[in-house]
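**Student:** Dropping a structure here in structure tokens format, bear with me for questions.
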Amino acid sequence: MSTLEHEEPETETETETEPEFDQEGAVGAARALEESYGEERARRVDEDLEDADEIVELKVFRYDPEVEGKEEPRFDSFLVPFHKGMTVLDALIYARDYYDSSLTFRHSCQQAVCGSDALFVNGRQRLGCKTQLADLEDPVRIEPLPHQEVVKDLVVDMEHFYEQMHAVEPFFDPDDLPDGELEEQRQSPENREKVKLSTRCIWCGACMSSCNIAAGDNQYLGPAAINKAYRFAMDEREGEDRKQERLRIIEQEHGVWRCQTQFSCTEVCPKDIPLTEHIQELKRESVKNNLKFW
Amino acid sequence: MAEHYSSFERGGRRWLLQRITAVFLIGVLAFHFVLLHFVNHAADIRFAGTQMRMSQLGYFVTMWLFLATATFHGVNGVYNALVNMGIEGTQKRVVAGVLAVAGLLLVAQGTRVALAMTNIV
Amino acid sequence: MFGQERVAGGRCCVETSNYTRYFARGMSTLDRGTIEDFGRWREFAPGMWAWIFHKFTGWVLVGYLFTHIAVLSTATGGAELYNSTLVGLESLLVVRFLEVGLLAVAVFHILNGIRLLFVDLGVGLTAQDKSFYASLLLTGVIVVASIPTFLGGAV
Chain A
1 MSTLEHEEPE TETETETEPE FDQEGAVGAA RALEESYGEE RARRVDEDLE DADEIVELKV
61 FRYDPEVEGK EEPRFDSFLV PFHKGMTVLD ALIYARDYYD SSLTFRHSCQ QAVCGSDALF
121 VNGRQRLGCK TQLADLEDPV RIEPLPHQEV VKDLVVDMEH FYEQMHAVEP FFDPDDLPDG
181 ELEEQRQSPE NREKVKLSTR CIWCGACMSS CNIAAGDNQY LGPAAINKAY RFAMDEREGE
241 DRKQERLRII EQEHGVWRCQ TQFSCTEVCP KDIPLTEHIQ ELKRESVKNN LKFW
Chain B
295 MAEHYSSFER GGRRWLLQRI TAVFLIGVLA FHFVLLHFVN HAADIRFAGT QMRMSQLGYF
355 VTMWLFLATA TFHGVNGVYN ALVNMGIEGT QKRVVAGVLA VAGLLLVAQG TRVALAMTNI
415 V
Chain C
416 MFGQERVAGG RCCVETSNYT RYFARGMSTL DRGTIEDFGR WREFAPGMWA WIFHKFTGWV
476 LVGYLFTHIA VLSTATGGAE LYNSTLVGLE SLLVVRFLEV GLLAVAVFHI LNGIRLLFVD
536 LGVGLTAQDK SFYASLLLTG VIVVASIPTF LGGAV
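Chains as they are written, first to last, in this note's numbering: chain A, 1 to 294; chain B, 295 to 415; chain C, 416 to 570.
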């Protein structure tokens, strides 16, 4: 045993509450060579659960039309050892690593900038990596985003969302370029401040999935797309003609007018963008714009 | 998805009208309720009283405007609720037509009734 | 390399690539119901309740508008018909209660409508949920205060 202490590197266990070198873990790692993978995992889970201060139960939506037993959606329960600062995404990763490697969900940056892990947690749209388990009631119910086709488990089809985003031409496109060859396109600090919040969108799709009108009316552009349009329409560097074109897109019947100011989008946006406010501003902008021609 | 089509021009006009009629209706509906339930009790309404009120030009015009704006506000509201629920294509055009006709008929009938309540007819 | 499939019964197109085909082949239309599935009512935010109630009261009021004009049409049949119709209706207790209901519906629609007008003007957006609760409360107060007047004479 003592020889192992010097040769084996410190092994990290899932419970980060132990600061000292984990001899058991080191021994366990060596023993893993003789155990089956499943047995080793199961033993590690038992150890983690014993060591943990608290155990959290996850109820995760499972669905896989290609696997018998998962053709009808069901909820699987996973017991996860809790540590301070643990997020929903951490818990899902633990469940996938230690219980069921077929558990499927999107995630990437783990810091709320990629927008991959928008989920429906305890009845509300949230980002998995940004939601603390400590803030949630046990058992934690995790489902895929509502109002979107489920591909498998927690993965939803985002194509419709992307189509709506692309429909508003979400790219910077000025009417004229400045005269000088290396001249910058300047934006005043006030203008930047105006569009600042609308630039924060990470395309996670939480807002659109929370909107009842987006749920009912398939052609509705949705809060994220309209916010994107706002971001560019209100950017003074683009010019008046481009702004008119952008307004023309969002003032169609299934554009801004469908918004019924339900505010669900604003409530669930993980980047705290005041979506409803932006949509309202565009409605007013459109009305003022059209009144001019009467 | 964002094709450039619109059966009503750009939807913004109806949105604005819905708000304008709303403001008017707040006042008139409240007035109507107070007059016919508090100032006069509903149970005490008789043709004589109705005729007296409706024979005053100002009141008559107000009531007729009430009818027209309420019909627009209500029918437009129903149309929007249905669009939000996702009707599209032919079904949508049919519904729009039916609602428009129903609205016009309501205003026509209401006008007849209003005139019958005055001492003109 | 990329193809476009129409998902059975679904409303969107799917781009298939070698990657997505890996787990998207079995895409089906699993119907999880709408967001406003009333089984989830506890999870509804105030703004959503406001929208639901405004729609509901709107439908009731439109229905009432048509009915009201129909009843008033007895005026074209002369004073006797008009009077007897109104007196007859007002003497029914259930009609009195329906009138209280109508008041509640109209008052809520007006108060929430005012709230929506403020939202449309961009005023007070941060307090939108509080203003919804205020409209509910005020509706209740007005309705309760009006009950004696409405039911008076028939109870």
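The beta carbon of each residue, even a glycine, is placed where N, CA and C say it ideally should be.
Considering A/Glu143, what are the terminal residues of the beta strand (DSSP E) in which it resides?
**Tutor:** On the first sequence, residue 143 of chain A is found 143 positions in, with the first residue counted as 1. Unbroken beta strand (DSSP E) run through A/Glu143: 140 to 143.
**Student:** Strictly under 8 angstroms for the Cβ-Cβ distance: is B/Phe332 near chain C by that measure?
**Tutor:** Within the second sequence, residue 332 of chain B is the residue found at index 38, counting from 1. Yes, because at least one Cβ of chain C sits closer than 8 angstroms to the Cβ of B/Phe332.
**Student:** What would DSSP say about B/Ala410, mapped onto helix, strand or coil?
**Tutor:** Working through the second sequence from its first residue, we reach residue 410 of chain B at position 116. It is helical.
**Student:** Assign A/Thr261 to one of two classes, buried (16 or more other C-beta atoms within 10 Å of its C-beta) or exposed (fewer than that).
**Tutor:** The count along the first sequence starts at 1 and reaches residue 261 of chain A at position 261. By the 10 Å Cβ count, A/Thr261 comes out buried.
**Student:** Please specify which runs of the alpha helix (DSSP H), each continuous and at least 4 residues long, are wholly inside the region 222 to 263 of chain A, giving them in chain order.
**Tutor:** Counting whole runs of 4 or more residues, the region 222 to 263 of chain A contains the alpha helix (DSSP H) stretches 223 to 233, 240 to 250.
**Student:** Flag C/Val465 as yes if its beta-carbon sits less than 8 angstroms from any beta-carbon of chain B, otherwise no.
**Tutor:** As a first step, residue 465 of chain C must be located in the third sequence, where it is residue number 50. Checking the sequence shown, residue 465 of chain C turns out to be Ala, not Val. With 8 angstroms as the cut-off, C/Ala465 does not count as an interface residue toward chain B.
**Student:** Would you call the region 495 to 507 of chain C and the region 550 to 561 of chain C in contact, with 3 or more CB pairs under 8 angstroms?
**Tutor:** Contact fails: fewer than three Cβ-Cβ distances are below 8 angstroms.
**Student:** Quick check on DSSP: helix, strand or coil for C/Pro563?
**Tutor:** Counting from one through the third sequence, the residue named residue 563 of chain C turns up at place 148. If DSSP states are grouped into helix, strand and coil, C/Pro563 belongs with the helices.
**Student:** Using the C-alpha atoms, what's the distance from C/Leu501 back to A/Ala225?
**Tutor:** For the purposes of this step, residue 225 of chain A is taken as residue 225 along the first sequence, with counting starting at 1. For the purposes of this step, residue 501 of chain C is taken as residue 86 along the third sequence, with counting starting at 1. Looking at the two C-alpha atoms, the distance is approximately 53 angstroms.
**Student:** Evaluate A/Lys283 with the Cβ neighbour count: other Cβ atoms within 10 Å of its Cβ, from every protein chain shown; 16 or more gives buried, anything less gives exposed.
**Tutor:** For the purposes of this step, residue 283 of chain A is identified with residue 283 of the first sequence, where counting begins at 1. Its Cβ being crowded by 16 or more others within 10 Å, A/Lys283 is buried.
**Student:** Beta-carbon of C/Leu480 versus every beta-carbon of chain B: anything under 8 angstroms?
**Tutor:** Taking the third sequence and counting its residues from 1, the one referred to as residue 480 of chain C is at position 65. Cβ-Cβ to chain B under 8 angstroms: yes for C/Leu480.
**Student:** With DSSP as the reference, label A/Pro81 as helix, strand or coil.
**Tutor:** Numbered from 1 along the first sequence, position 81 holds the residue referred to as residue 81 of chain A. Looking at A/Pro81 - three-state DSSP - the assignment turns out to be strand.
**Student:** Around the Cβ of A/Tyr63, are there at least 16 other Cβ atoms within 10 angstroms (buried) or fewer (exposed)?
**Tutor:** In the first sequence, residue 63 of chain A corresponds to position 63, counting from 1. Its Cβ being crowded by 16 or more others within 10 Å, A/Tyr63 is buried.
**Student:** Hey, quick one: how far does the alpha helix (DSSP H) through A/Ile55 stretch, first residue to last?
**Tutor:** Looking up residue 55 of chain A in the first sequence gives position 55. Where A/Ile55 is concerned, there is no enclosing alpha helix (DSSP H), although the beta strand (DSSP E) it sits in stretches over 54 to 62.
**Student:** Rank B/Val317, B/Val377, B/Val395 by C-alpha distance to the C-alpha of A/Gly216 and give the top, closest one.
**Tutor:** Working through the first sequence from its first residue, we reach residue 216 of chain A at position 216. Nearest option by C-alpha distance: B/Val377.
**Student:** Report back the beta-carbon spacing between A/Pro274 and A/Lys130 to the nearest angstrom; my notes put them in contact at under 8 angstroms.
**Tutor:** Here residue 274 of chain A corresponds to residue number 274 of the first sequence, with the count starting at 1. Here residue 130 of chain A corresponds to residue number 130 of the first sequence, with the count starting at 1. Rounded, the Cβ-Cβ distance is 18 angstroms, inconsistent with contact.
**Student:** Looking at chain A, which residues of the region 360 to 380 of chain B have a Cβ within less than 7 angstroms of any of its Cβ atoms?
**Tutor:** Here the close residues are Val377, Asn378, Met379, Gly380.
**Student:** According to DSSP, what are the bridge partners of B/Phe332?
**Tutor:** Taking the second sequence and counting its residues from 1, one reaches residue 332 of chain B at position 38. According to DSSP, which records beta bridges pairwise, B/Phe332 is partnered with nothing at all.
**Student:** How would you list, in chain order, the residues of chain B whose beta-carbon sits under 7 angstroms from the beta-carbon of C/Ser488?
**Tutor:** If you number the third sequence from 1, residue 488 of chain C lands on position 73. What C/Ser488 touches in chain B: Gln403, Val407.
**Student:** What is the DSSP secondary structure of A/Ala112, reduced to helix, strand or coil?
**Tutor:** What you label residue 112 of chain A is simply residue 112 of the first sequence in a count that begins at 1. In the structure shown, A/Ala112 sits in coil (DSSP, three-state: anything other than H, G, I, E or B).
**Student:** Determine the direct distance from the alpha carbon of B/Gly380 to that of B/Val388, and round the result to whole angstroms.
**Tutor:** Counting from 1 along the second sequence, the entry for residue 388 of chain B is found at position 94. Counting from 1 along the second sequence, the entry for residue 380 of chain B is found at position 86. Going by the C-alpha atoms only, they are around 14 angstroms apart.
**Student:** If we require 4 or more residues per run, which alpha helix (DSSP H) segments fall completely within the region 151 to 217 of chain A?
**Tutor:** Runs of the alpha helix (DSSP H) inside the region 151 to 217 of chain A: 159 to 167, 189 to 196, 206 to 210, 212 to 216.
**Student:** Can you check which of these residues, A/Glu267, A/Glu240, A/Thr266, is closest to A/Leu285 by C-alpha distance?
**Tutor:** Stepping through the first sequence from its first residue, residue 285 of chain A is reached at position 285. Looking at the sequence shown, residue 285 of chain A is not Leu but Glu. Per the Cα distances, A/Glu240.
**Student:** Looking at chain A, is there any beta carbon in it that lies within less than 8 angstroms of the beta carbon of C/Tyr437?
**Tutor:** Here residue 437 of chain C is taken as the residue at index 22 of the third sequence, counted from 1. With a pLDDT of only 32 at C/Tyr437, under the threshold of 50, the placement of this residue in the model should not be trusted; the figure read from the coordinates follows. It does not; no Cβ of chain A falls within 8 angstroms.
**Student:** Select from the region 247 to 271 of chain A all residues with a C-beta closer than 7 angstroms to any C-beta belonging to chain C, and list them in chain order.
**Tutor:** Residues Gln260, Thr261, Gln262, Phe263, Ser264, Glu267.
**Student:** Let me know the secondary structure DSSP gives A/Cys269 once reduced to three states.
**Tutor:** As a position in the first sequence, residue 269 of chain A is number 269, starting the count at 1. It is coil, neither helix nor strand.
**Student:** Flag C/Leu540 as yes if its beta-carbon sits less than 8 angstroms from any beta-carbon of chain A, otherwise no.
**Tutor:** Reading the third sequence from its first residue, position 125 is the one you call residue 540 of chain C. Output row for C/Leu540: interface = yes.
**Student:** Taking 6 angstroms as the limit between beta carbons, can you name the residues of its chain near A/Ser116, skipping five residues before and five after?
**Tutor:** Your numbering for residue 116 of chain A matches position 116 in the first sequence. Counting only Cβ-Cβ distances below 6 angstroms, and skipping sequence neighbours, we find Arg106, His107, Ser108.
**Student:** Can you pull the chain B residues whose beta carbon is under 9 angstroms from the beta carbon of A/Leu222, in chain order?
**Tutor:** Taking the first sequence and counting its residues from 1, one reaches residue 222 of chain A at position 222. According to the sequence shown, residue 222 of chain A is Gly rather than Leu. Chain B residues near A/Gly222: none, gap ~10 angstroms exceeds 9 angstroms.
**Student:** Apart from the five residues just before and just after C/Tyr434, which ones in its own chain have a Cβ nearer than 6 angstroms to its Cβ?
**Tutor:** Position 19 of the third sequence, counted from the first residue, corresponds to residue 434 of chain C. Low confidence applies here, because C/Tyr434 scores a pLDDT of 32, under 50, leaving its location unreliable and the question unanswered by this model.
**Student:** When you compare only the Cα positions, how much space is there between A/Ile142 and A/Met165?
**Tutor:** Taking the first residue of the first sequence as 1, we reach residue 142 of chain A at position 142. Taking the first residue of the first sequence as 1, we reach residue 165 of chain A at position 165. Straight-line Cα distance between these residues: approximately 26 angstroms.
**Student:** Run through DSSP, which three-state label would C/Asp535 get?
**Tutor:** For this step, residue 535 of chain C is matched to residue 120 along the third sequence. Looking at C/Asp535 - three-state DSSP - the assignment turns out to be helix.
**Student:** Can you give the Cα-Cα distance for A/Gln132 and A/Arg43, rounded to whole angstroms?
**Tutor:** Translated into the one-based positions of the first sequence, residue 132 of chain A becomes position 132. Translated into the one-based positions of the first sequence, residue 43 of chain A becomes position 43. Rounded to the nearest angstrom, the two C-alpha atoms are 26 angstroms apart.
**Student:** Please report the Cβ distance between B/Val372 and B/Leu399, rounded to the nearest whole angstrom; I am assuming they are in contact, meaning their Cβ atoms lie under 8 angstroms.
**Tutor:** By one-based count along the second sequence, residue 372 of chain B stands at place 78. By one-based count along the second sequence, residue 399 of chain B stands at place 105. Not confirmed; about 15 angstroms, so no contact.
**Student:** In the structure shown, what three-state DSSP assignment does B/Leu400 receive?
**Tutor:** Within the second sequence, the letter at position 106 stands for residue 400 of chain B. Correct three-state label for B/Leu400: helix.
**Student:** Pick from A/Arg231, A/Cys265, A/Lys228, A/Gly222: whose alpha carbon is nearest that of A/Gly255?
**Tutor:** Sequence index remark: in the first sequence, residue 255 of chain A carries index 255 (1-based). Minimum Cα distance to A/Gly255 is reached at A/Gly222.
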